[in-house]
Amino acid sequence: MVTKAARRVPPSGRLESLQEAAAELGVSVKTMRRRIADGTLHAYRVGRLIRVDVDELRRDMLVVIGSAR
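Position in the sequence shown counted from 1, then plus 137, gives you this note's numbering.
So this is what it looks like as structure tokens:
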């Protein structure tokens with residue numbers, strides 16, 4: 138049975154592998170997998186491969202830190 142989450146259509150943005158996305162953000166692939174597991178990041182399965190949307194990744198994972206002044 139296919140769940141609703143599995144039927145979700147990926148946005149029209151560019152999809153990258155976990156390795157490419159992790160390198161771009163400066164984190165490990167293990168961190169990417171943890172974020173997918175805890176629901177912080179959405180992943181899309183393309184055949185056997187797992188991909189993440191670059192635009193969604195930047196929007197959800199990058200956080201602007203204000204100054205301490």
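The beta carbon of each residue, even a glycine, is placed where N, CA and C say it ideally should be.
- Counting along the chain, V189 sits inside the beta strand (DSSP E) bounded by residues 186-190.
- Setting aside the 5 residues that flank it on each side, R151 is surrounded in the same chain by V191, each with a C-beta closer than 6 Å to its C-beta; the list follows chain order.
- With respect to A159, T168 sits close: the two C-beta atoms are nearer than 8 Å.
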